[in-house]
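Written below as structure tokens is the structure these notes are about.
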Amino acid sequence: MTTPGMVITFRTTAEGADQFAGILERALPFVEDEPGTTTWIAGRSADDPTTFYLVDLFTSPEAVDAHMAGQAAALILGEGGSLLAEPPAIGAMSLLAGRFTA
Numbered sequence: 104m105t106t107p108g109m110v111i112t113f114r115t116t117a118e119g120a121d122q123f124a125g126i127l128e129r130a131l132p133f134v135e136d137e138p139g140t141t142t143w144i145a146g147r148s149a150d151d152p153t154t155f156y157l158v159d160l161f162t163s164p165e166a167v168d169a170h171m172a173g174q175a176a177a178l179i180l181g182e183g184g185s186l187l188a189e190p191p192a193i194g195a196m197s198l199l200a201g202r203f204t205a
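Each residue of the sequence shown is one higher than the one before, counting from 104 in my numbering.
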């Protein structure tokens, strides 16, 4: 069985970068309430503070759909949308291997 996932790259304006980082932090509680989202990692580029990454893993394709229709996506794309310098780059993926520790 494959594990569906996504890697999303966001590029913000210089003025909106810190605000977008705060939006990603505020989205976490919504993701925690999604039973089909097993991994959700938000990161900021160490080389370019206007570039952000999300890595998501899900239990099923239906969980992907539920996540994209959920409150976290609405917050990030809604409130955060005006802070973006370009549309997000969304790449679908399947997990091949991984190790996750905090």
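From the three backbone atoms N, C-alpha and C, an ideal C-beta is built for every residue, glycine too.
Three-state secondary structure (DSSP) at residue i?
| i | result |
| --- | --- |
| Asp159 | strand |
| Arg147 | strand |
| Leu187 | strand |
Can you tell me which of the options puts its alpha carbon nearest to the alpha carbon of residue i?
| i | options | result |
| --- | --- | --- |
| Thr153 | Pro191, Thr105, Thr116 | Thr116 |
| Gly119 | Ala195, Ala200, Ile193, Ile179 | Ile179 |
| Thr106 | Glu135, Ala130, Thr142 | Thr142 |
| Phe133 | Asp121, His170, Glu189, Asp150 | His170 |
| Ile111 | Leu187, Phe203, Thr162 | Leu187 |
| Asp136 | Phe113, Gln122, Gly173, Ala145 | Gly173 |
| Met109 | Asp121, Phe123, Ala145, Ala124 | Ala145 |
| Arg129 | Pro164, Met196, Glu182 | Glu182 |
| Gly194 | Asp150, Asp151, Leu157 | Leu157 |
Strictly by DSSP, which residues pair up with residue i?
| i | result |
| --- | --- |
| Val110 | Val158, Gly194 |
What whole-angstrom Cβ distance do residue i and residue j have, given they're in contact under 8 Å?
| i | j | result |
| --- | --- | --- |
| Leu160 | Leu199 | Their Cβ separation, rounded to whole angstroms, is 12 Å, which puts Leu160 and Leu199 out of contact at 8 Å. |
| Leu131 | Phe155 | Actually they are not in contact, since the Cβ atoms of Leu131 and Phe155 sit about 14 Å apart, beyond 8 Å. |
| Ala166 | Gly139 | 3 Å |
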